[in-house]
């Protein structure tokens, strides 16, 4: 549901209902379905829903099915990512981290990173500048080597696997490899 509220001297305010809420005296619960969203996303087996944007900053809901991921990439700007549902991974500075509902993290646009889904994974992405969920300019896919540490390795903090080039994480038995091949939803994990 979207509704516009006008106040004297201000532009119209867009308020979007993106989750069902149960508001109690001591806590609020959100019901956030893990199902597919209406807009296919560029560069991954993901779907999304644009919520609000003025072009400079905006917010979207992104859903990755279990086993899928965004391969190593950068953005034109910074993103704050709030994990709303499920569990996933963020590969950043040579390490694969587990993420879960209730967590938030900041990714600087120029830093190469990858996002994966251990289960169906739902994220609120807030970006500046903002690109629509289906824009091919939203992310630029980069080489796998761009997410390695400064000394050239990759360490999965989930299963404690480590790889050094030319090996990828999947070459050493890790199921959390962020490479382009492993990020495809139709790809059986190694």
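Residue numbers (my numbering): 2 to 191. Here a beta-carbon is modelled for each residue, glycine too, at the ideal position from N, C-alpha and C.
- Between residue 123 and residue 73, the C-beta gap is not smaller than 8 Å, which leaves the two residues out of contact.
- DSSP places residue 169 outside both helix and strand once states are collapsed to three, so it counts as coil.
- In the displayed model, residue 88 falls within a strand according to three-state DSSP.
- Burial check for residue 144: the Cβ neighbour count within 10 Å stays below 16, so the residue is exposed.
- Taking every protein chain shown into account, the CB of residue 179 has 16 or more other CB atoms within 10 angstroms, so this residue is buried.
- DSSP, reduced to helix, strand and coil, places residue 142 within a strand of the structure shown.
- Rounded to whole angstroms, residue 67 and residue 119 show a C-alpha spacing of 5 Å.
- Boundaries of the beta strand (DSSP E) harbouring residue 74: 70-75, taken from the DSSP string.
- Sixteen is the threshold: when 16 or more other Cβ atoms of the shown chains lie within 10 Å of the Cβ of residue 184, as they do, the residue is buried.
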